[in-house]
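> The numbers in the working numbering rise by one with no breaks, and the one at position 59 of the sequence shown is 478. Backbone N, C-alpha and C fix where the C-beta goes; we use that ideal spot for every residue, glycine too. Remember, it's a predicted structure, so these values are computed and weren't measured experimentally. Dumping the structure here so I can ask a few things about it.
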Amino acid sequence: MSERSPAPGGLALVESLVNTLDLESGADSLDTADGRTRLGLTVEELPQARALRESLRATLLAHAGHPPHGEVTPLGELLAHAPLYVAVDDHDGSASLAPADTGPLLARVAAAVAEALVAGTWARLKACEAETCHWAYYDRSPAGRGRWCSMQVCGARAKMRRYRAKEP
Numbered sequence: 420m421s422e423r424s425p426a427p428g429g430l431a432l433v434e435s436l437v438n439t440l441d442l443e444s445g446a447d448s449l450d451t452a453d454g455r456t457r458l459g460l461t462v463e464e465l466p467q468a469r470a471l472r473e474s475l476r477a478t479l480l481a482h483a484g485h486p487p488h489g490e491v492t493p494l495g496e497l498l499a500h501a502p503l504y505v506a507v508d509d510h511d512g513s514a515s516l517a518p519a520d521t522g523p524l525l526a527r528v529a530a531a532v533a534e535a536l537v538a539g540t541w542a543r544l545k546a547c548e549a550e551t552c553h554w555a556y557y558d559r560s561p562a563g564r565g566r567w568c569s570m571q572v573c574g575a576r577a578k579m580r581r582y583r584a585k586e587p
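Printed below as a string of structure tokens:
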């Protein structure tokens, strides 16, 4: 949906996962082998991946000041099960949370969220305000008040709806 550049660092993984489902068309790239391969998923992991995707979407909607679009498992409950460890760099002594196993999507997402929290970028990852979209995007606006994944599509539609509602 969006022409925006990908989110920075590990947030690109989170953005990519959320954007596997196009709410307007119903197309889910996790239904395809290529879509699953891009995220390193097996068919058996799909139920957990989809639950994680919708919990992330609800959180990103909250970042943008909007309620979730449905009932989901709270993201904190899911991430509490992520196997992470503290990785310490031998050269400079810096530390970060890292997945205990690079395979599970849950651990990779949890590490990405931890990285974004440290960097102060987590709240900039949002979901589009448009109810038929809710596409994930990284808000690069100076004030951090972006509302739509694309001003040319979702933003323009919203402005047109407001304009038409004002017409006598």
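Around the Cβ of residue 526, are there at least 16 other Cβ atoms within 10 angstroms (buried) or fewer (exposed)?
Burial call: buried.
> What is the rounded straight-line gap between the Cα of residue 564 and the Cα of residue 473?
The alpha-carbon atoms of residue 564 and residue 473 are separated by roughly 22 Å.
> Within this structure, are the beta carbons of residue 469 and residue 462 separated by less than 9 Å?
It is not a contact, given that the beta carbons lie outside the stated cut-off.
> Between the region 507-524 and the region 479-492, can you find at least three pairs of beta-carbon atoms closer than 8 Å?
No, they do not touch.
> Can you list the alpha helix (DSSP H) stretches of 4 or more residues lying completely in the region 451-520, in chain order?
Counting whole runs of 4 or more residues, the region 451-520 contains the alpha helix (DSSP H) stretches 452-457, 465-482, 494-498.
> Under a three-way DSSP split, which group does residue 442 fall into?
Reduced to three states, the DSSP call for residue 442 is coil.
> Expressed to the nearest angstrom, what Euclidean distance is found between the alpha-carbon atoms of residue 540 and residue 423?
About 16 Å.
> At the level of alpha carbons, what is the spacing between residue 436 and residue 536?
Computed Cα separation, rounded: 18 Å.
> Just verifying my parser: in three-state terms, what is the DSSP assignment at residue 426?
Reduced to three states, the DSSP call for residue 426 is coil.
> Only counting the same chain, and skipping five residues up and downstream in sequence, which positions put a Cβ closer than 6 Å to that of residue 491?
Excluding residues within five positions, the ones whose Cβ falls inside 6 Å are 473, 474, 477.
> Taking all protein chains shown into account, do 16 or more other C-beta atoms lie within 10 angstroms of the C-beta of residue 568, making it buried, or fewer, making it exposed?
Residue 568 should be labelled buried.
> Going straight from the alpha carbon of residue 573 to that of residue 549, what length do you get?
For residue 573 and residue 549, the distance between alpha carbons rounds to 6 Å.
> What number of angstroms, rounded off, separates the C-alpha of residue 448 from the C-alpha of residue 532?
Their backbone Cα atoms lie some 23 Å apart in a straight line.
> Bridge partners for residue 546 per DSSP, in chain order?
Paired residue(s): 555.
> Leaving out five residues before and five after residue 439 in sequence, what residues of the same chain have Cβ atoms less than 8 Å from its Cβ?
Excluding residues within five positions, the ones whose Cβ falls inside 8 Å are 447, 448, 449, 454, 458, 472.
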